């Protein structure tokens with residue numbers, strides 16, 4: 525989404541959902557994973573909206589959906605590209621939007637020309653007629669929204685799935701106005717905030733590209749260090765690096781790869797190759813118990829101040845309800861003290877407010893969201 529739209533975040537607010545006239549839910553068991561948001565989808569259907577569910581399983585939403593595209597696992601790209609094929613074949617694309625707001629559209633046209641609904645039926649198991657009907661309904665409805673989550677991202681082809689969704693949205697011009705767009709329903713409670721804050725090897729906070737010299741200079745001056753030009757490893761590269769010697773140590777913060785990453789045996793073998801492992805967590809995880817050389821007791825959400833950002837890009841205050849138990853510390857304090865022990869001359873950052881306000885100073889996305897404004901209710905960027 526970052527490369528397609530410039531931001532890795534949902535394009536709609538949650539209240540807008542019930543006003544959509546067409547909804548495509550793909551790879552998301554919404555009623556179980558996001559029950560509050562699912563209520564909005566149900567309201568939209570009660571108001572007459574068309575709901576289409578694309579999922580290998582018959583999830584609850586299929587009970588109220590007009591159509592269930594029960595595709596084979598891993599065949600999402602075939603389905604999505606066949607939808608685009610139909611839209612182009614029938615001349616339903618948004619020509620003016622494509623001309624004014626997109627680049628390299630002809631390359632997309634050339635690729636999807638090979639993905640006929642009839643051929644897609646062979647690969648996905650979804651009838652060609654259902655693919656064509658869904659494409660027409662989506663392309664011709666102005667207020668059309670798409671929702672996805674881990675069902676299509678936690679795949680070897682997860683990146684391709686999102687590229688295809690983004691191309692589908694751009695091809696039809698379904699972006700930039702109410703109740704219409706592409707919405708990532710996050711898998712954990714602060715995934716959005718984590719990505720916004722720069723936990724990405726190719727982007728600095730606020731989705732500012734690492735390969736931009738002026739942006740690197742801005743952050744280097746603010747942080748008092750030279751921000752490296754070379755991007756770090758992605759998670760999949762880290763996991764493969766455990767085996768080929770590129771990764772010799774891991775510093776894990778709230779992460780348990782022995783339990784969460786695919787191909788657990790392969791990951792376990794790689795973790796055993798490491799020379800040094802640090803686990804900073806609130807529990808002794810599987811990874812920490814088997815592989816950690818050092819365990820740093822951290823704080824839970826109820827033991828620290830800060831912010832969480834939800835699926836609709838709303839930044840909310842979090843307030844400590846109880847102090848950290850025993851030797852546990854707030855994550856911010858652990859990282860700062862470790863940095864100083866390694867020779868970094870970092871500022872004090874006495875509280876969560878000082879961290880947030882620095883982000884707001886450096887990131888245009890949040891320039892108007894000062895910490896004091898989050899006292900009563902969350903704000904969207």
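In the working numbering, the protein residues as written are 525 to 905. C-beta: ideal position from N, C-alpha, C; glycine also. In this text, all values refer to a predicted model and were calculated from it rather than measured experimentally.
Reference residue i; option with closest CA among the options
| i | options | result |
| --- | --- | --- |
| residue 852 | 739, 808, 889 and 840 | 808 |
| residue 566 | 581, 579, 549 and 582 | 549 |
| residue 759 | 785, 735, 751 and 670 | 785 |
| residue 804 | 798, 857 and 752 | 857 |
| residue 539 | 568, 626 and 533 | 568 |
| residue 751 | 736, 757, 765 and 763 | 736 |
| residue 653 | 696, 606, 671 and 682 | 606 |
| residue 580 | 588, 866, 596 and 572 | 596 |
| residue 545 | 614, 638, 672 and 703 | 703 |
| residue 701 | 666, 743 and 834 | 666 |
| residue 659 | 756, 741, 865 and 611 | 611 |
| residue 830 | 626, 742, 902 and 632 | 902 |
| residue 669 | 880, 577 and 780 | 577 |
| residue 794 | 764, 813 and 818 | 764 |
| residue 533 | 629, 714 and 628 | 714 |
| residue 877 | 845, 859, 869 and 899 | 899 |
| residue 635 | 873, 688, 850 and 860 | 688 |
Integer-rounded CB distance, given that residue j should sit under 8 Å from residue i
| i | j | result |
| --- | --- | --- |
| residue 535 | residue 706 | 6 Å |
| residue 537 | residue 836 | 5 Å |
| residue 848 | residue 854 | 7 Å |
| residue 593 | residue 547 | No, residue 593 and residue 547 are not in contact; Cβ-Cβ is about 13 Å, not under 8 Å. |
| residue 730 | residue 888 | 7 Å |
| residue 798 | residue 774 | 6 Å |
| residue 740 | residue 734 | 7 Å |
| residue 806 | residue 782 | Going by Cβ atoms, the distance from residue 806 to residue 782 rounds to 17 Å, so no, they are not a contact pair. |
Delimiting residues of the alpha helix (DSSP H) encompassing residue i
| i | result |
| --- | --- |
| residue 610 | 600 to 613 |
| residue 889 | Where residue 889 is concerned, there is no enclosing alpha helix (DSSP H), given that its DSSP letter is neither H nor E. |
| residue 659 | 652 to 664 |
| residue 821 | Careful: residue 821 lies outside any alpha helix (DSSP H), inside the beta strand (DSSP E) at 818 to 821. |
| residue 554 | 554 to 557 |
| residue 743 | 737 to 747 |
Start-to-end residues for the beta strand (DSSP E) that takes in residue i
| i | result |
| --- | --- |
| residue 629 | Not the beta strand (DSSP E): residue 629 falls in the alpha helix (DSSP H), residues 629 to 636. |
| residue 671 | 668 to 672 |
| residue 805 | 800 to 805 |
| residue 546 | 546 to 550 |
| residue 516 | Given that the chain is displayed from residue 525 to residue 905, the structure contains no residue 516 and the question cannot be resolved. |
| residue 722 | No beta strand (DSSP E) holds residue 722; DSSP gives it neither H nor E. |
| residue 773 | 773 to 777 |
| residue 707 | 705 to 708 |
| residue 830 | 830 to 833 |
| residue 864 | It is not in any beta strand (DSSP E) - residue 864 instead sits in the alpha helix (DSSP H) that spans 855 to 865. |
Backbone CA spacing between residue i and residue j [nearest angstrom]
| i | j | result |
| --- | --- | --- |
| residue 542 | residue 778 | 35 Å |
| residue 827 | residue 843 | 8 Å |
| residue 732 | residue 693 | 23 Å |
| residue 771 | residue 572 | 53 Å |
| residue 801 | residue 561 | 38 Å |
| residue 753 | residue 690 | 28 Å |
| residue 796 | residue 810 | 13 Å |
| residue 768 | residue 564 | 47 Å |
| residue 598 | residue 637 | 20 Å |
| residue 615 | residue 656 | 13 Å |
| residue 904 | residue 720 | 12 Å |
| residue 624 | residue 875 | 45 Å |
| residue 755 | residue 725 | 5 Å |
| residue 916 | residue 686 | As shown, the chain starts at 525 and ends at 905. That puts residue 916 outside it, with no answer to give. |
| residue 792 | residue 717 | 29 Å |
| residue 891 | residue 884 | 5 Å |
| residue 895 | residue 790 | 43 Å |
| residue 757 | residue 587 | 42 Å |
| residue 648 | residue 662 | 19 Å |
| residue 867 | residue 582 | 55 Å |
| residue 788 | residue 761 | 15 Å |
| residue 812 | residue 590 | 47 Å |
| residue 841 | residue 897 | 10 Å |
| residue 817 | residue 862 | 16 Å |
| residue 651 | residue 880 | 50 Å |
| residue 609 | residue 639 | 6 Å |
| residue 815 | residue 824 | 22 Å |
| residue 834 | residue 893 | 15 Å |
| residue 873 | residue 850 | 22 Å |
| residue 871 | residue 738 | 23 Å |
| residue 766 | residue 585 | 40 Å |
| residue 630 | residue 845 | 55 Å |
| residue 613 | residue 570 | 32 Å |
| residue 664 | residue 681 | 28 Å |
| residue 633 | residue 626 | 13 Å |
| residue 886 | residue 684 | 31 Å |
Contact test: residue i Cβ vs the ligand FMN heavy atom, cutoff 7 Å
| i | result |
| --- | --- |
| residue 780 | Of ligands this structure carries none, so the ligand FMN is not represented either. |
*Would you check if there are 3 or more beta carbon pairs closer than 8 Å linking the stretch 745 to 755 to the stretch 706 to 717?*
no
*asked:* Assess contact between the stretch 596 to 609 and the stretch 639 to 646, defined as three or more Cβ pairs (one per stretch) separated by less than 8 Å. Is contact present?
replied: yes
*Okay, do the stretch 618 to 628 and the stretch 696 to 703 touch, 3+ Cβ pairs below 8 Å being the bar?*
yes
*Are there three or more Cβ pairs, one per stretch, closer than 8 Å when the stretch 676 to 692 is compared with the stretch 555 to 565?*
no
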